[in-house]
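*Asks:*
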Amino acid sequence: MRVCSSLLQLVVIVLCYLTQSELVKVTCAVRYWEPFIYHGDVMLGVFVPIHNLWEYSAGKEPEVTVFGFKFLEAILSTLDEINSRKSYLNYTLGAVVFDSFSDAEIALRQALSFIGLNISSFRGPGCGREALPRVEEKPITALIGPAYSDVSLSVASLLKLFSVPQVSYYSAAPKLSMPGRYPTFFRTIPSVRDAIRTMVYLLGVYHWNYVNLIVDNSDYGESNHGVLLEMLRNSKHTLCIDKRIQLSDGHTDIREMDQAMRELLNSSATVNLILCSAHLGDLALKVVQKWPHDKRDRFLWIGTNTIEPDFPMLRPNQTAQNEGERTGFNNINNVLLVLPRLRYSDQLAQYSVSLNRSYGQNTWREEYLMWECSCIPNRTVTTFKDPIGCTEQQEQQCASLLNGDAIFYVPNTVNAVLAIAESLKKIQDRCSRGGQCYPDGSVAFRNRVLTVLDTISFTGFGGEKFQFTLEGDGEPLFTVLARTGGENVWQTFAECNASTKTPTCNVTGVVEDSVVANYPYSRCCNPCEVGSATTYDTQIPCCWKCTECSKDAIVEAVNRSASSDMPKATVCVYCVPGTRPNSNQTKCDNLPADFMSIADPSAIAMCALCVVAILLSSLMLATYLHNWNTPVIRASGRETTLVLFAGIFCSYATPIIVLSHKPTLYVCSWATIAPGLCSTFSYAAIYVRISRIDRIFRLAANPVSPATRFVSPRSQILFMALLICADVVVLAVTMSLWPPTVTQILSGSNSYLGPRRWEQNGSVIILKGLDTNPVVCFSSLFIPQFSGMLIPIFLMLVSLLHAYKIRKVPCGYNEARQLGVVNYVNLLLFIIFPILTLTFQLTSRELLPLSGLTFLMATNQLVVLIMPKLYIILFTPEKNTTGNVLQRDRSQTQLRGVHAINELDERWSEGLSTIGNARCRHSLGGLHELSAANLVSSRLEGSKMELSRQRSISLVQTSTNDEVTPYGRQLRELRPRCVTTEHVFASHSQHGCKAVSFHLNDNVSKADDDDNQHVPLLTGRVSSKRTENHILSEETMLDSDEAASEQSSVSTLPFEKFHFSPKPPS
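Residue numbers (mature numbering (1 follows the signal peptide of the UniProt record, and there is no 0)): -21 to -1, 1 to 1045.
1) Hey, which unbroken runs of the alpha helix (DSSP H) at 4 residues or more fall wholly within the region 471 to 523?
2) For Met775, which residues from the same chain have a beta carbon less than 8 Å from its beta carbon, with the 5 sequence-adjacent residues on both sides left out?
3) Within 10 angstroms of the Cβ of Ile837, are there 16 or more other Cβ atoms? Answer buried if so, exposed if not.
4) On the criterion of 16 or more Cβ atoms from any shown chain inside 10 Å, does Met585 qualify as buried, or is it exposed?
5) Pro356: which of Ser333, Asn341 and Gly339 sits nearest, CA to CA?
6) Work out the CA separation of Val389 and Ile168 for me, nearest whole Å.
7) Report the partner residues of Tyr189 according to the DSSP bridge assignment.
8) Given Ala83, which residues of its chain have a CB within under 6 Å of its CB, disregarding the five upstream and five downstream residues?
9) Take Gly124 as the anchor and find which of His781, Ala86 and Cys352 has the nearest alpha-carbon.
10) Output the boundary residues of the alpha helix (DSSP H) element that contains Leu821.
11) Return the chain-ordered list of same chain residues with a C-beta closer than 7 Å to the C-beta of Glu346, the five sequence neighbours on each side being excluded.
12) State the Cα-Cα distance for the pair Ala795 and Lys784, rounded to the nearest angstrom.
13) Note down, in chain order, each residue of its chain lying with its Cβ closer than 8 Å to the Cβ of Gln564, except the 5 sequence neighbours on either side.
14) According to DSSP, is Val994 helix, strand or coil?
15) Per DSSP, Ile665 is paired with what?
16) Using the C-alpha atoms, what's the distance from Leu51 back to Asp452?
17) For Gly260, count neighbouring C-beta atoms within 10 Å of its own C-beta (all shown protein chains included) and say buried if the count is 16 or more, exposed if not.
18) Hey, Leu623 and Gln764 are a contact pair by Cβ (cut 8 Å); roughly how many whole angstroms apart?
19) Could you tell me if Arg671 is buried or exposed, where buried requires 16 or more neighbouring beta carbons within 10 angstroms of its beta carbon?
20) Would Leu403 and Leu58 qualify as a contact pair, given that the criterion is a beta-carbon distance under 9 Å?
21) I'd like the list of long-range same chain contacts for residue 1053, defined as Cβ closer than 7 Å, with 5 residues on each side in sequence excluded.
22) How many Å lie between Asp228 and Glu371 at the Cα?
23) Roughly how many angstroms separate the alpha carbons of Asn485 and Ala385, rounded to a whole number?
24) Can the beta-carbon of Ala248 be found closer than 9 Å to that of Cys503?
25) When the Cα of Leu327 is compared with those of Ile253, Ser56 and Gly488, which residue comes out closest?
26) With which residues is Trp280 paired in a DSSP beta bridge?
27) What residue range does the alpha helix (DSSP H) around Phe765 cover?
28) Let me know the alpha helix (DSSP H) ranges lying completely inside the region 392 to 469, each 4 residues or longer, listed in chain order.
29) Between which two residues does the alpha helix (DSSP H) holding Gln326 run?
30) Measuring straight from C-alpha to C-alpha, what distance separates Ser214 and Ser379?
31) Flag this pair as yes or no: are the beta carbons of Phe757 and Glu857 separated by less than 9 Å?
32) Label Glu450 either buried or exposed according to how many other C-beta atoms from any shown protein chain fall within 10 Å of its C-beta, with 16 as the threshold for buried.
33) Straight-line CA distance for Thr558 to Val754?
34) Do you know how far the Cα of Glu60 is from the Cα of Thr430?
35) Assign Asn569 to buried or exposed, taking buried as 16 or more other Cβ atoms, counted over all protein chains shown, within 10 Å of its Cβ.
36) Do you know whose CA, among Pro556, Tyr792 and Thr463, lies nearest Ser615's CA?
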């Protein structure tokens, strides 16, 4: 066993020599890296962080720490007090003080001196300085320190191999509370594990359930994180972590640090826990204090004693004086510090930092004073050649800076020194019983010290009893200081005891109210608004989702086994169909039924328009009946006009029927059949009229064809009745297969599946988000709505074909253009109707598109087909004549042909010419014909002009020979002097021209239209019988129904009326 121990020590010694040169290189970068020797009989090792190398760079002096020199003064003052005791120890205690530079690597190499190396080995002129005098070599009995946890972990890992007792006065890492891993380590402050337990307790009590965590990648930070997670799992409160900011010791750039810390701004938590090492905590707070105050003060910052040096002006329950003092992080408001219990005593009040202690050539004190006070107080013993003295005011301020925060470090530091001294006193008192009494630095003596430290109990600083816990820690007693609201004063928030499983805290009421007022909670989500259910996240128990309930649901609470500080879980419960939640969605209220009635503004407007339209239509019908036998009315077809009026009245009556009553089975049935039935009335009349005209005039073009049949009024009525009956049959069949129903739409959840009957032949549809319960006729577009439109659409297409065929008949019969307009508008209505129906589907206004369809269709037919006739009757009665009814429209080519004939008439003594179907014909019943184009061509070409004149002379001679017959004499009486058109009627009538109508023969050789061919002269006679058969009376043309009943063979074409004038003088 001894051999193994000796070999281990030998290995460490060799390692020490190998790394000594590296230590010299590292520490030569700063001044006076040599340890400070405080003489005594028994030497204790001391580690204090006088400087730090956190932001060190070449050519830059290391920064002085806040508590480093103060720790040293507290230790040396305690050694002086122990050495001054009478009959206490038989020897004096001294110290070998190393500046750890707050660096674990440097401290580890410095600790090698405690395991057998000479102290003088660290005092050589390795840095080019003059070697210091050699001192007597004395072994190290125990170690006091280091201060920071990372340094303590490294040193403890080495010194446990050589049983060197180690008592820290400021390290709080939870790993150090493991006696099995660090058997030689003790500390006079409680573990941060107990501090974290106290934090978790406060978080749960004050509903700070959702927090952010700031840790680092050091052993201290990682262990703190693990402890916190363990505490959160074991807490009876539901606590969670949102943002975990992990800082890295290798990345201390301010911009990188700021970027990492700004992640907190994206969190909904308002409480941040700082559990990182002192160095990185210092950098993090430096970044935070540069934030805008609104972002910085949004958070409550909770930390431990590791960030205590960042608030150097801590004056518990006293206002700090900012003037002339280093304010540190005073810009950060709203801070809670969980610190080892603050002990107020008379001894603390009498304590002050000694300024007349001799440090030899060591300048730690002067560096600290210049950094802290910017001057050196007058009573200070200094080795500076030209010290900067302090004024009286500066001395007062410097004294405040040196002694004002003694409560935070003096008690624990003093107790660390007293623990070693009391152990040595215990061993000395037991010397009478035998054993080694004097500390010789051997492993055996060190083990005796460790044994005593495990059970030691003594009167510590301020007269309070002190004893290490089983884990080697100080008692888990804490004081929570608070600074809130921007006030420059630290107040005691609570005194907590974490020695039990559940910590207990005595809270100061006034301070508590201030903190809670600013931070009443820290949670993942805001409470759900009215009408939203709270659903907790299965992964993060502190977070919940606010599920907005449907308008058809209410919010009900459910049982949940969770802490009382969390919102209750709620669910959305759908109301019974037909009911609606109240304003805050806690109760279901019944909804009123909604349907179209005469009280609705839309219905009122539509019905009013229909009533006005019916009245106007009635006046138009009365006017028609009054002028029943006039040419315009007779030419339009009187029977078909009456049926057309019936369809118009049906269309206008439909909106009144379907909009002014509550939806019933009868109303819905009429709404189903009305569009098709009313359209069938109208288009049956239009089709019968247009087809009759087409057949009559087509027969007139063929004189040898048989007589026209089925043109009588009874035939027309029969045809229209058959078409209407066909549509009724189609509607009856489809409605029997798909009967109409009255549908009640209830506001409710889609999950409701139970059937409900509203009335007989009714059904129920359940929809979400309705304000009322509509009553409708059509739950969807279905076949009966469109089956009735099949026949009207077919009639529309067929009537368009017939309208094209009659486009050249006389004006009184020609409705091709009007019918084209009617069909075009109706086609647009048929296309728009399904779109609008889908738009208003399942609403109380669903019948408005149907009403609009029938109204617009009727208005279209009334305006285009009826009103032009009434306009002629009422405002231009001179056109209500037979001649105007039989007049054809003339094209420009025809007009030019007529003028050519008038020029040709210069050599004519008698004769008559007419224009028909773009052909010029002489008056003798179509005996000789010329095309209009040929006539115009003859007028322009001289070679053809003579031929035209010869034809004219031939016609005149033929006419002279026919005068002996009765028919010839009749023609002689009608022989004109000139021919012209109706456009020059006014001028020619002054010359006494008569108006005569003649038959136009349309069956002319198409060769007449060819400019290179001429119609040959016809020399034969024409049968007077054939001519008489084709010259029909005006009565026959205007009322062909009567003519068809009296004559079996009628070939009719409209007469053309020309105006003749005497031949102008040559």
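Beta carbons are placed, not taken as given, at the ideal position from N, Cα and C, and that holds for glycine.
*Replies:* Per the coordinate set shown:
1) Taken in chain order, the whole alpha helix (DSSP H) runs of length 4 or more contained in the region 471 to 523 are 488 to 497.
2) Translated into the one-based positions of the sequence shown, residue 775 becomes position 796. Result list for Met775: Tyr662, Asn802, Asn805 and Leu806, in chain order.
3) Translated into positions along the sequence shown, residue 837 becomes position 858. Here residue 837 turns out to be Ala, not Ile, going by the sequence shown. Around the C-beta of Ala837, 16 or more other C-beta atoms lie within 10 Å, and the residue is accordingly described as buried.
4) In the sequence shown, counting from the first residue as 1, residue 585 sits at position 606. Buried.
5) As a first step, residue 356 is located in the sequence shown; it is residue number 377 there, counting from the start. Answer by Cα proximity: Ser333.
6) Here residue 168 refers to the residue found at position 189 of the sequence shown. Here residue 389 refers to the residue found at position 410 of the sequence shown. Distance between the alpha carbons of Ile168 and Val389 is about 12 Å.
7) The sequence position of residue 189 within the sequence shown is 210, counting from 1. Per DSSP, Cys219.
8) Your numbering for residue 83 matches position 104 in the sequence shown. Closer than 6 Å at Cβ, skipping near neighbours: Asp129, Val130 and Ser133.
9) Translated into positions along the sequence shown, residue 124 becomes position 145. From the listed residues His781, Ala86 and Cys352, the smallest Cα separation to Gly124 is found for Ala86.
10) Sequence index remark: in the sequence shown, residue 821 carries index 842 (1-based). Premise fails: Leu821 is in no alpha helix (DSSP H) and is neither H nor E.
11) Residue numbering aside, residue 346 sits at position 367 when the sequence shown is read from its first letter. For Glu346, where only same-chain residues beyond five positions count, the Cβ hits under 7 Å are Val43.
12) Taking the first residue of the sequence shown as position 1, residue 795 is located at position 816. Taking the first residue of the sequence shown as position 1, residue 784 is located at position 805. Using only the alpha carbons, I get a separation of about 9 Å.
13) Against the sequence shown, residue 564 aligns to sequence position 585. Here the set comprises Val509, Gly510, Cys528, Ala532, Ile533 and Val534.
14) As a position in the sequence shown, residue 994 is number 1015, starting the count at 1. Confidence in Val994 is poor, its pLDDT being 33 and thus under 50, which makes the residue's placement unreliable; the coordinate value appears in the next sentence. Coil, per DSSP.
15) Mapped onto the sequence shown, residue 665 falls at position 686. As computed with DSSP, Ile665 is found in no beta bridge at all.
16) Stepping through the sequence shown from its first residue, residue 452 is reached at position 473. Stepping through the sequence shown from its first residue, residue 51 is reached at position 72. Asp452 and Leu51: Cα-Cα distance of roughly 21 Å.
17) Numbered from 1 along the sequence shown, position 281 holds the residue referred to as residue 260. Gly260 comes out buried.
18) Along the sequence shown, read from residue 1 onward, the residue named residue 623 stands at position 644. Along the sequence shown, read from residue 1 onward, the residue named residue 764 stands at position 785. Distance from Leu623 to Gln764 at the Cβ level is roughly 24 Å; contact not present, criterion being Cβ atoms closer than 8 Å.
19) Residue 671 sits at position 692 when you count from the first residue of the sequence shown. Per the 10 Å Cβ criterion, buried.
20) Within the sequence shown, numbered from 1, the residue matching residue 403 stands at position 424. Within the sequence shown, numbered from 1, the residue matching residue 58 stands at position 79. Cβ atoms of Leu403 and Leu58: not closer than 9 Å.
21) This structure leaves residue 1053 out entirely; the chain is present only between -21 and 1045.
22) The count along the sequence shown starts at 1 and reaches residue 228 at position 249. The count along the sequence shown starts at 1 and reaches residue 371 at position 392. Roughly 42 Å separates the two Cα atoms.
23) In the sequence shown, the residue the question calls residue 485 occupies position 506. In the sequence shown, the residue the question calls residue 385 occupies position 406. C-alpha of Asn485 to C-alpha of Ala385: approximately 24 Å in a straight line.
24) Locating residue 248 in the sequence shown gives position 269, where the first residue counts as 1. Locating residue 503 in the sequence shown gives position 524, where the first residue counts as 1. Yes, the pair counts as a contact, with Cβ atoms nearer than the cut-off.
25) Sequence index remark: in the sequence shown, residue 327 carries index 348 (1-based). Between Leu327 and the set Ile253, Ser56 and Gly488, the nearest pair of CA atoms involves Ser56.
26) As a first step, residue 280 is located in the sequence shown; it is residue number 301 there, counting from the start. BP columns for Trp280 point to Asn251 and Val314.
27) Counting from one through the sequence shown, the residue named residue 765 turns up at place 786. Phe765: member of the alpha helix (DSSP H) spanning Ile762 to Ser766, first to last residue.
28) Segments of the alpha helix (DSSP H) lying fully in the region 392 to 469: 422 to 434.
29) Counted from its first residue, the sequence shown places residue 326 at position 347. That run of the alpha helix (DSSP H) goes Asp325 to Gln329.
30) Numbered from 1 along the sequence shown, position 235 holds the residue referred to as residue 214. Numbered from 1 along the sequence shown, position 400 holds the residue referred to as residue 379. Their backbone Cα atoms lie some 42 Å apart in a straight line.
31) In the sequence shown, residue 757 corresponds to position 778, counting from 1. In the sequence shown, residue 857 corresponds to position 878, counting from 1. Inclusion of Phe757 and Glu857 in the CB contact set at 9 Å is not warranted, their separation being larger than that value.
32) Start at 1 with the first residue of the sequence shown, and residue 450 comes out as number 471. Classification of Glu450: buried, given that the 10 Å Cβ count is 16 or more.
33) Mapped onto the sequence shown, residue 558 falls at position 579. Mapped onto the sequence shown, residue 754 falls at position 775. When only Cα atoms are considered, Thr558 and Val754 end up about 15 Å apart.
34) Taking the first residue of the sequence shown as 1, we reach residue 430 at position 451. Taking the first residue of the sequence shown as 1, we reach residue 60 at position 81. Answer to the nearest angstrom: the Cα atoms are 25 Å apart.
35) Your numbering for residue 569 matches position 590 in the sequence shown. With fewer than 16 other beta carbons inside 10 angstroms of its own, Asn569 counts as exposed.
36) Within the sequence shown, numbered from 1, the residue matching residue 615 stands at position 636. Measuring from the Cα of Ser615, the nearest candidate turns out to be Tyr792.
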